[in-house]
Structure formats: structure tokens, C-alpha cells
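Trainee: Residue 0 is where the sequence shown starts when you use numbering that gives the first Met the number 0, and the numbers rise one by one after that. Even for Gly, the Cβ is constructed at its ideal location relative to N, Cα and C. All values derive from a computational prediction rather than experimental measurement.
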Amino acid sequence: MYLIIGNWKMHPESAKEAVKIYKDTSKSLLKIKNKNLKVGVCVPNVFLFELGKNKKNNLAIGVQDGHFNPTGAETGLTSIKMLASYKPVYGLVGHSEARLRGDDDYVVNQKTLEFMRHKINPIICVGEHMRDPHGDYLKVIKKQIEQACLGLAKKDVANITIAYEPIWAIGNNAKREATPEECLEVTIYIRKVLTDMFGVETAKKVLVIYGGSVDKGDCLGFIEHGGVDGLLVGRASIVPGEFIKIVEQVSNYAKRK
Ligand code: PGA
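#1: Cβ of A235 within 8 Å of any heavy atom in the ligand PGA?
#2: Taking its Cβ as the centre, do 16 or more other Cβ atoms sit within 10 Å of S236, making it buried, or is it exposed?
#3: In chain order, what residues of the same chain lie with their CB nearer than 6 Å to the CB of N57, ignoring the 5 residues before and after it?
#4: For M196, I'd like the list of residues in its chain whose CB is within less than 8 Å of its CB, leaving aside the five on either flank, ordered along the chain.
#5: So if DSSP puts C41 in a beta bridge, which residue, or which two residues, is it bridged to?
#6: Whole angstroms is fine: what's the gap from N120's alpha carbon to K19's?
#7: In chain order, what are the residue ranges of uninterrupted alpha helix (DSSP H) at least 4 long that sit wholly in the region 116–191?
#8: Which value, in whole angstroms, describes the spacing of the CA atoms of A173 and E164?
#9: Please determine, among T186, L193, E16, V238, the residue with the shortest C-alpha to C-alpha distance to D214.
#10: Within a Cβ cutoff of 7 Å, which residues of the same chain sit near N53, ignoring the five residues on either side of it in sequence?
#11: With a threshold of 16 other CB atoms inside 10 Å of the CB of A168, please say whether the residue is buried or exposed.
#12: Quick one, which of A83, T77, F46 has its alpha-carbon nearest L116's?
#13: Quick one: what's got a C-beta closer than 8 Å to L151's C-beta in the same chain, skipping five residues either side?
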């Protein structure tokens, strides 16, 4: 199974535009028929209502964040429980931009468990700030995974996805893109960490995807040589024409395989 998730981040500016992007993307997806490929977009909470009215089976809707408490004195925040009434399929957690705003390992763990409680599949983002020559970045990734999954029932593990997103390769401030080889090294390591935690049979069911400046030019390299089961696409996912070209290439690859 392959998975491609768009992360719209704080885009677009209006519900009208959000509906247009969603509809255009889902329409273009109609020509891509592949039972082994799932596609979704994680959108700003405020658009869930309008997008829900236009929901299409070929483009799952997910959320980017929510508080782990169901209610509380949290001015300005929305809880995962509140979001759950819109039935999102995926929930991003541990994204580096959310970690930067203060989400530590405890918060990431609580959000993961809360998403799971509401049958929203957590996409747990992990990634290092920099690659040090001693390989300490692998320890960072191991700790992030172990802490995020604390208390997760073994039966639920198959529903999580791990997104490897090296922070130095994300967004407009990216130093450079990661290479498929750099991605492969960490993907293998993530699978080892999962195997040590949950056993080989359970670990095999977890999808590992890559994110960080993925576009139509480099997407296939990560799938072919980076050892991943899919992609988490930021900027390119809000441009339907771009996003579709990524999905198309992954779909064709999945069919050839
Ligand atoms: P980017 O974002 O593709 O714009 O680098 C990826 C992400 O932050 O999920």
C-alpha cells in the first residue's frame, strides 16, 4: 500500500479557495485508479465543515493538529474530540512546525493517543534538525518514535504512519533537499526501531513515508530508492496540477512493481 498525504499548512486564504483546490484535486484523481494507493489532504480546521460537504471518496480529508484534552480553558484552541465529529481520516502529529510551537514528546504522545481514541489515523512526523557526523540524529529519531508511541495498544500500531521529515529539508527555508539515499538510511532505521518495539509482523504493517520539499521532479526518487511507502507533500499539495503529477508518478510506479 502506498500513501500520499498533502499538508496544506496554513493555506489557502478562504473556504472558497479551499473547496476549489479540493474539488480540482479530487477531479484530477479520477483518472488515477489504483487500489494500492491512498491519497489524502490535511487541511486547516476551519475548512472542515465546507470540505466535508464536498467530500469525495478518492481524496480523504485529514487534520493538522488539535488539543488532546476534549474541552478546557484553552483560548483559541480546538480539541481533537471536537474535530472528530467531522470524521477526519488522518491527523498530523509531531510536525516540526508544531514542535517548534512547543509540542514536546509528551504532547505528541497525548495527541497520538487521542487521535487513535477517535479512530483518526495518526501520521507521526519525526526528523532531525541536522545531520551530525556521529550519527546522533538516529538517536533523535528513535526517541521521537518511542515517546510518540508510548501506551499504544499493539492492535492499533498498524494504523499509525511514520513520516520522516528531516527539518533541514522542509519548507521555504530548507537548506537543501534530502537525497533518496539519505532517506533510505533513515527508513531502514525507522523500521528497525518499530520492529524492536512491536515485533516484525506488526512493524511491517506501519507505513513509513517521506516529507521535505517533495515535488514532481524528485518524488519518484524517494519511492524508488528511498525505501518509503509514500510521501508527505507540503507546498506542492496546494497546487492541484503539481500534486496530481506526484500522485500519478507514484501510482504508475506502484502498478509496475
Ligand atoms: P514542504 O513541507 O513539502 O513544503 O517542504 C513538507 C511538510 O512540512 O510536511
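Mentor: So, to answer that:
#1: For the purposes of this step, residue 235 is taken as residue 236 along the sequence shown, with counting starting at 1. Yes, the Cβ of A235 comes within 8 Å of a heavy atom of the ligand PGA.
#2: Locating residue 236 in the sequence shown gives position 237, counting from the first residue. Burial call: buried.
#3: Translated into positions along the sequence shown, residue 57 becomes position 58. Cβ within range, chain order: S25, L28.
#4: Sequence index remark: in the sequence shown, residue 196 carries index 197 (1-based). Only I144, E145, C148, A202 meet the Cβ criterion.
#5: On the sequence shown, position 42 is the one that residue 41 refers to. N6, G61.
#6: Residue 120 sits at position 121 when you count from the first residue of the sequence shown. Residue 19 sits at position 20 when you count from the first residue of the sequence shown. The straight-line gap from Cα to Cα measures roughly 25 Å.
#7: If we require 4 residues or more, the alpha helix (DSSP H) runs fully inside the region 116–191 come out as 135–147.
#8: By 1-based counting over the sequence shown, the position of residue 173 is 174. By 1-based counting over the sequence shown, the position of residue 164 is 165. Looking at the two C-alpha atoms, the distance is approximately 11 Å.
#9: Looking up residue 214 in the sequence shown gives position 215. Comparing Cα positions, the closest option is V238.
#10: Looking up residue 53 in the sequence shown gives position 54. Around N53: V18, Y21, K22.
#11: Within the sequence shown, the letter at position 169 stands for residue 168. Answer is buried; the Cβ neighbour count reaches 16.
#12: As a first step, residue 116 is located in the sequence shown; it is residue number 117 there, counting from the start. In the sequence under discussion, the amino acid at residue 116 is Arg, which differs from the Leu named in the question. Answer by Cα proximity: A83.
#13: Your numbering for residue 151 matches position 152 in the sequence shown. Hits under 8 Å: T111, L112, M115, I159.
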